[in-house]
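J.: Line by line, the protein sequences are chains A and B. In terms of this note's numbering, the first sequence has 301 at position 268, counting the first letter as 1, and numbering is strictly consecutive. In terms of this note's numbering, the second sequence has 465 at position 432, counting the first letter as 1, and numbering is strictly consecutive. Glycine included, each C-beta is placed from N, C-alpha and C at the ideal position. Quick caveat, the model's predicted, so the values are computed rather than measured.
2 protein chains.
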Amino acid sequence: MAKDKPSIPKGTRDFGPEEVAKRKYILNTIEKVFIKYGFMPIETPTMENLITLTGKYGDEGDKLLFKVLNSGDAFKDFTLEDIELILSQAKENEKNILKKEIQEKAKSQQPQIRNELVHQQSSKTLENIIIETKSSPERIADDVTKLMRKASEKGLRYDLTVPFARYVVMNRNEITFPFKRYQMQPVWRADRPQKGRYREFWQCDADVVGSDSLLHELDLINIYNEVFKCLGIAVEIKINNRKILAGIAEVVKGIEHLNTIAVAIDKLDKIGKDGVSKELTSLNFTEIEIATLFDIITIQGTEAEMLATLNIKLQNSTEGLIGIDELSFIFKQINAVSNQQINLKTDFSLARGLSYYTGCIFEVVATGGSLRSSIGGGGRYDNLTGNFGLDGVSGVGISFGLDRIYDVIDELKLFPETLSQGSSKVLICANDSIENIELASVLKILSKLRNEGIASEIYSEKINVKKPLEKPIKYASSKKIAFALIYTENESLKLKNLTSGFQEELTIEEIIERLKD
Amino acid sequence: MAKDKPSIPKGTRDFGPEEVAKRKYILNTIEKVFIKYGFMPIETPTMENLITLTGKYGDEGDKLLFKVLNSGDAFKDFTLEDIELILSQAKENEKNILKKEIQEKAKSQQPQIRNELVHQQSSKTLENIIIETKSSPERIADDVTKLMRKASEKGLRYDLTVPFARYVVMNRNEITFPFKRYQMQPVWRADRPQKGRYREFWQCDADVVGSDSLLHELDLINIYNEVFKCLGIAVEIKINNRKILAGIAEVVKGIEHLNTIAVAIDKLDKIGKDGVSKELTSLNFTEIEIATLFDIITIQGTEAEMLATLNIKLQNSTEGLIGIDELSFIFKQINAVSNQQINLKTDFSLARGLSYYTGCIFEVVATGGSLRSSIGGGGRYDNLTGNFGLDGVSGVGISFGLDRIYDVIDELKLFPETLSQGSSKVLICANDSIENIELASVLKILSKLRNEGIASEIYSEKINVKKPLEKPIKYASSKKIAFALIYTENESLKLKNLTSGFQEELTIEEIIERLKD
């Protein structure tokens, strides 16, 4: 067997005991709040049928799907005909490459290079390759897609929302609506790994489907607020409404430009006002239209002032006014339901890329630390289950990005120091080697401790009889075990506090008393 | 977008709130015991590099690996040369199929069929295909493997042991040995799905590496015992030792036949004594050898009697005698460390398929219920990390099969009735529609309940004002919410027990008092 230096795939990570404990702390904090707000857990399979996943995340998303081959030897079943389809696709690729090369070289007018080109063409001419390829490029692409489906029918979960929509439709007859579910599972994307972006990462989602009551928006905002309060992270919860964006589009240039405007202003943080203006100009927006847009999305003031100003600007947009009403309702009621300080900020430039949002949209950023990207987001969508044949079910949901939240807490050193890593509380050490002691007596002590629920273990290795505690204590220290229980030949017991070094002779009952929580 | 009837891949499952709660109950029970015995958690990525996985589970295992394509369009990068390799592999397949067909048909001596055969050969002759295929079959296999690696470099985790060995080697410098880790994660196998066999299932493993002390075998047996006691499942823990099996092989026919014997008697449950005898006869075992084998592996009696009898039979095998000593030690000490009844049974016919085991081996079967296959197993291995370049690290581990344990508990109706599904404790219902009530007052009540940690929610939907509680109570019942808090126009509060139907008017403070755990 090959003895290669082992490694793990790019963008994935191992988690040791300390990291597992920290991740669990975040997951448990989020889960407790979800439960307190009446959300119930579901879990969906790691693999979904490709037909469930493809076409739901845009072209870019389809490319980032991790597709899974049907079995370890999925290609063994391919027939000659199957493979010839792939072959023609490859020929098409070669043809395009060669075409480009020839075009590049033809640009150069030096006779020597032209000669070289002729020589090349004689050995492997473009014409020949075109003749060999009988199908049209579209036909080839179709065939290859069909073939790929034969070898790979499944993909890894890309987010939790689409599997949830699929779950709701599959279980529509058993579910009582409104259905409030939470789900905390990993997702996978074949993205280029970089700081804060992993190929395997966890999402924690809470969604309500089958209700258009704004009470759920209130609940979800409060969940964000409560979770981040519990974790000690200062955040700003940004809120906007796609209906307001629709109203803005209507006022600026026409409702049909909603998506163009949403996509453009979504980049405001990255490319700035100038960048967005340039993009819109290139899309035939006039200077006046762009000025009107920025005039509206940069409205400042208290929440009440901002909404009042917007109300005047959007007075001719029915949909825009509904959006304003929805935000007004939320700001009016949010303080009743939350007695905690809440940093909820209207941001008319918040757009959220995904086109399926139709009402309130949210995004959470940490105000401390170096991470500028969002650590959570969500919104209301009116027809997500429509993809799977169930129309007219409105829903609203939020997502927490576990891995980014972890990075923020880690950077700001906000993890509690007392987090249990699941290590033992006490290590039993004999002051002689195990062969020489009365093993059954020691095992009985171990059994007594564990029966009281005290996590404990025996040091199992050979010791240096001259320094009997040296190795055990090094081991205990690496596992952050707090106490050593020293068993001596006369069967006396000493409990040693490994932080202070203090030790005293005690009975097993006294030891249990001290170690019990 | 296609509106296909949604489904999930064969052998995978969705879990609703009730199933998630039941699965968590099992996982928490196992985890608590792992922690009490000093094991610490790690987690490894869902995907491992294929080089880490392949060749570790035998040829059969390699076929059952779920390989993952590098990206959504992994095949776009294939060159003409790449594809021609696959083509030649496919031709090889066709050639073999045709060859077989011809051989089959040639067996038939009827002139008519022979003529047909000649006709077939004229249109697509074997010779032609062989000429087209320029490479040798071995070369083609190599090339296709190389090509496959280019499109798929990763696979889904097949078990937790190999990733653990990989983890230990990668982190050898940070780890203090003995390293006691537990790991509870899903694994994937492209097996044919059937009752009790899923393509996505969870394993819960505890392993110790870097120690050859038998104290760990004692701990692991006790963990099995304690976990199944907690879960209420009656089990038999079978134990044997690969050194005893080596001794038996030595006595029966020679130590070099250990694996043959292990593989054969591993099937005893499935094919019976006759089946095993036939298999061994076909492998040139004599009648006397087979009789000697069965004479030994069917030794009965108390554990002490069985070991004493075996001691005589294996008196000429040094390794066999070591195995007997190890079992004797375990039986001598197991009662000291466990004050609970333990159903630990020597079974000299227990072999465990995997050849990496070198010492004690375990298997757990439920004695009640209809599931006959094991719900846990494990053993000692001497050189698992050797695959990754770290030799001489002995380890011992056990595994729990979450999904089979679930099926057993479910069949025997052993799940506690009080398992929380994470639903709310109380549903706030107004006796008028939300538009007509003083919403802020209701939200303040909700906030008070949640601040006390009481899981609660408001019924958010339109009600029938003539029967205001009808819809809310139907909703509460489906979510198993125990109480309704009824808010009336005069702002009085009634708490209704939804099981008994009893209701009384109370202040919010009294309600909190009743609902707090």
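Spell out whether any CB of chain B is found under 9 Å from the CB atom of N82 of chain A.
T.: For the purposes of this step, residue 82 of chain A is identified with residue 49 of the first sequence, where counting begins at 1. Yes, contact with chain B.
J.: Helix, strand or coil, according to DSSP, for Y257 of chain A in the structure here?
T.: For the purposes of this step, residue 257 of chain A is taken as residue 224 along the first sequence, with counting starting at 1. Of the three classes helix, strand and coil, the one that applies to Y257 of chain A here is helix, per DSSP.
J.: Quick check: what's the CA-CA separation for S406 of chain A versus V101 of chain B?
T.: Counted from its first residue, the first sequence places residue 406 of chain A at position 373. Counted from its first residue, the second sequence places residue 101 of chain B at position 68. For S406 of chain A and V101 of chain B, the distance between alpha carbons rounds to 29 Å.
J.: Could you spell out the range, first to last residue, of the alpha helix (DSSP H) harbouring R56 of chain A?
T.: On the first sequence, position 23 is the one that residue 56 of chain A refers to. P50 to K69 is the extent of the alpha helix (DSSP H) around R56 of chain A.
J.: Rounded to a whole number of angstroms, what is the C-alpha to C-alpha distance between G334 of chain A and F364 of chain A?
T.: In the first sequence, the residue the question calls residue 334 of chain A occupies position 301. In the first sequence, the residue the question calls residue 364 of chain A occupies position 331. Cα to Cα, G334 of chain A sits roughly 14 Å from F364 of chain A.
J.: Only counting runs of 3 or more residues, tell me where the beta strand (DSSP E) segments fall wholly within the segment 347-389 of chain A, in order along the chain.
T.: You should have 377-379.
J.: Do the CB positions of F421 of chain A and T85 of chain A come within less than 9 Å of each other?
T.: One-based indexing of the first sequence puts residue 421 of chain A at position 388. One-based indexing of the first sequence puts residue 85 of chain A at position 52. For F421 of chain A and T85 of chain A, yes; Cβs fall inside 9 Å.
J.: Contact between the segment 36-45 of chain B and the segment 533-542 of chain A is defined here as three or more beta-carbon pairs at a separation below 8 Å; is this criterion met?
T.: Short answer: they don't touch.
J.: Looking at chain A, which residues of the segment 294-314 of chain B have a Cβ within less than 9 Å of any of its Cβ atoms?
T.: Answer set for the segment 294-314 of chain B: empty.
J.: Give the interface partners of D192 of chain A over in chain C, defined as CB-CB distance under 9 Å, in chain order.
T.: Of the protein chains in this structure, namely A and B, none is chain C.
J.: Given a threshold of 16 other Cβ atoms within 10 Å of its Cβ, counted over all protein chains shown, does D238 of chain B qualify as buried or as exposed?
T.: Walking along the second sequence from the start, residue 238 of chain B turns up at place 205. So D238 of chain B ends up on the buried side.
J.: Is the number of C-beta pairs between the segment 426-444 of chain B and the segment 53-67 of chain B that are closer than 8 Å three or more?
T.: They touch, by the three-pair rule.
J.: For a test of the three-state rule: what should DSSP assign to L539 of chain B, helix, strand or coil?
T.: Within the second sequence, the letter at position 506 stands for residue 539 of chain B. DSSP places L539 of chain B in strand when its eight states are reduced to three.
J.: Can you tell me which residues form a DSSP beta bridge with S407 of chain B?
T.: Along the second sequence, read from residue 1 onward, the residue named residue 407 of chain B stands at position 374. None, per the DSSP bridge assignment.
J.: Assuming K271 of chain B is part of the beta strand (DSSP E), what are its boundary residues?
T.: If you number the second sequence from 1, residue 271 of chain B lands on position 238. Residues V268 to N274.
J.: Using a Cβ cut-off of 9 Å (strictly closer), state whether I486 of chain B contacts chain A.
T.: Translated into the one-based positions of the second sequence, residue 486 of chain B becomes position 453. For the sequence presented, residue 486 of chain B should be read as Gly rather than Ile. At least one chain A Cβ lies under 9 Å of G486 of chain B.
J.: Please state the DSSP three-state secondary structure of G428 of chain A.
T.: Taking the first residue of the first sequence as 1, we reach residue 428 of chain A at position 395. Looking at G428 of chain A - three-state DSSP - the assignment turns out to be strand.
J.: Excluding the five sequence neighbours on either side, which residues of its own chain have a C-beta within less than 6 Å of the C-beta of L97 of chain A, listed in chain order?
T.: Counted from its first residue, the first sequence places residue 97 of chain A at position 64. The residues are R222, A223 and D224.
J.: Cα-Cα, which of A:G410, A:S382 and A:T194 is closest to A399 of chain A?
T.: Here residue 399 of chain A refers to the residue found at position 366 when the first sequence is read from its first residue. Checking every option, the nearest Cα to that of A399 of chain A belongs to A:G410.
J.: Roughly how many whole angstroms lie between the Cα atoms of T45 of chain A and V242 of chain B?
T.: Here the question's residue 45 of chain A lines up with position 12 in the first sequence. Here the question's residue 242 of chain B lines up with position 209 in the second sequence. When rounded, the distance between both Cα atoms is 24 Å.
J.: With a threshold of 9 Å between beta-carbons, can S489 of chain B be considered close to chain A, or not?
T.: As a position in the second sequence, residue 489 of chain B is number 456, starting the count at 1. It does; some Cβ of chain A falls within 9 Å.
J.: May I ask which residues mark the beginning and end of the beta strand (DSSP E) holding G188 of chain A?
T.: Taking the first residue of the first sequence as 1, we reach residue 188 of chain A at position 155. That run of the beta strand (DSSP E) goes K187 to L189.
J.: Taking 6 Å as the limit between beta carbons, can you name the residues of its chain near D415 of chain A, skipping five residues before and five after?
T.: The sequence position of residue 415 of chain A within the first sequence is 382, counting from 1. Cβ within range, chain order: T391 and S427.
J.: Would you say K213 of chain A lies against chain B (beta-carbon separation less than 9 Å)?
T.: For the purposes of this step, residue 213 of chain A is taken as the residue at position 180 of the first sequence. By this cut-off, K213 of chain A is an interface position.
J.: Between E259 of chain B and V66 of chain B, which are expected to be in contact by the criterion C-beta below 8 Å, what is the C-beta distance as a whole number of angstroms?
T.: Locating residue 259 of chain B in the second sequence gives position 226, where the first residue counts as 1. Locating residue 66 of chain B in the second sequence gives position 33, where the first residue counts as 1. Rounded, the Cβ-Cβ distance is 5 Å, consistent with contact.
J.: What do you get for V498 of chain A, buried or exposed, if any count of 16 or more other CB atoms within 10 angstroms of its CB means buried?
T.: Your numbering for residue 498 of chain A matches position 465 in the first sequence. So V498 of chain A ends up on the exposed side.
J.: Once you ignore the five residues that flank I367 of chain A on each side, which residues in its own chain have a CB closer than 7 Å to its CB?
T.: Start at 1 with the first residue of the first sequence, and residue 367 of chain A comes out as number 334. Result list for I367 of chain A: L251, I254, I375 and L377, in chain order.
J.: List the whole-angstrom C-beta distance separating P25 of chain A from V53 of chain B, where the pair is believed to meet the contact cut-off of C-beta under 8 Å.
T.: Nothing in the structure corresponds to residue 25 of chain A, since chain A is present only between 34 and 550.
J.: Find the nearest neighbour of S403 of chain B within the set B:G71, B:V202, B:V268 and B:M80, judged by alpha-carbon distance.
T.: Against the second sequence, residue 403 of chain B aligns to sequence position 370. Among B:G71, B:V202, B:V268 and B:M80, the Cα nearest to that of S403 of chain B is on B:V268.
J.: Give the single residue among B:D47, B:G49, B:S533 and B:I68 whose Cα lies nearest to the Cα of S457 of chain A.
T.: Here the question's residue 457 of chain A lines up with position 424 in the first sequence. Checked all of B:D47, B:G49, B:S533 and B:I68; the closest Cα to S457 of chain A is B:I68.
J.: Tell me which same chain residues have a C-beta within less than 6 Å of the C-beta of I470 of chain A, skipping the five on either side of it?
T.: The residue labelled residue 470 of chain A in the question sits at position 437 within the first sequence. The answer, listed in chain order, is A463.
J.: Is it buried or exposed, S412 of chain B, if we count other Cβ atoms within 10 angstroms and call 16 or more buried?
T.: The sequence position of residue 412 of chain B within the second sequence is 379, counting from 1. The sequence shown places Gly at residue 412 of chain B, rather than the Ser named in the question. Burial call: buried.
J.: What are the start and end residues of the beta strand (DSSP E) that includes P219 of chain A?
T.: Taking the first sequence and counting its residues from 1, one reaches residue 219 of chain A at position 186. Counting along the chain, the beta strand (DSSP E) containing P219 of chain A begins and ends at F212 to W221.
J.: So, is the C-beta of N103 of chain A closer than 9 Å to a C-beta in chain B?
T.: Stepping through the first sequence from its first residue, residue 103 of chain A is reached at position 70. Yes, its Cβ sits closer than 9 Å to a Cβ of chain B.
J.: What number of angstroms, rounded off, separates the C-alpha of D95 of chain B from the C-alpha of K89 of chain B?
T.: The count along the second sequence starts at 1 and reaches residue 95 of chain B at position 62. The count along the second sequence starts at 1 and reaches residue 89 of chain B at position 56. Taking the straight line from one Cα to the other gives about 8 Å.
J.: Show which residues of chain A have a CB atom less than 8 Å away from the CB atom of Y200 of chain B.
T.: In the second sequence, residue 200 of chain B corresponds to position 167, counting from 1. Here the neighbours are D47.
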